Amino acid sequence: MKKLIAGIALFGTFAIASAQTITFDKTTFDYGNVKPGSDGIRFFTVTNTGDKPLVLSNVKASCGCTTPDFSTDPIMPGKSAKIKVGYNTTLNGGFNKMIEVFSNDPANSRSVIYIKGNVDANAPAEVVAAAVVAPAAPVDAKAAKKAAKAAKKVAAAK
């Protein structure tokens, strides 16, 4: 009888351990000091260390300055996928942003990853000027309206 109970308990342990499991290559990505207007895209690697397919159902940033992109395709056991995270580097100063990752991992259905860094407000003048360049010639108001109207037509045609 003891062997039967021990066998059932052992089987129950394996049944619980048999699932999809989310793991990350890192939970915080430190941009360090970056120049205003520089490339703000970084990648987190998600690996399924379980034995059933892992599905990311949603990835949400804590604010509009951070834009995550991910696939809802199943991540097979032992395989990896990337979560692409973009930060708006035109915003000067330090940042520390939270990104929530929702999956079908029964133990970690909500995981949190972070990005942090500093957009250097003291960048060389030519770098800052390049980010906020004014048109070389004065803008004709009539021509600007005409261009805006044409752009709307092109957008509507798509």
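Per mature numbering (1 follows the signal peptide of the UniProt record, and there is no 0): the sequence shown = residues -19 to -1, 1 to 139.
For glycine and all other residues, C-beta sits at the position ideal for the given N, C-alpha and C.
Keep in mind that this is a model prediction, so the values were computed, not measured.
query	result
Rounded straight-line distance, which links the Cα of T28 to that of F5	6 Å
Where K78 sits in the DSSP three-state scheme	strand
Cross-strand partners of V100 (DSSP beta bridge)	V15 and G74
I22 versus V66: straight-line alpha-carbon distance, rounded	6 Å
Rounded C-alpha distance that separates G74 from S52	31 Å
Three-state secondary structure (DSSP) of A88	coil
For T28, the first and last residue of its enclosing beta strand (DSSP E)	I22 to N29
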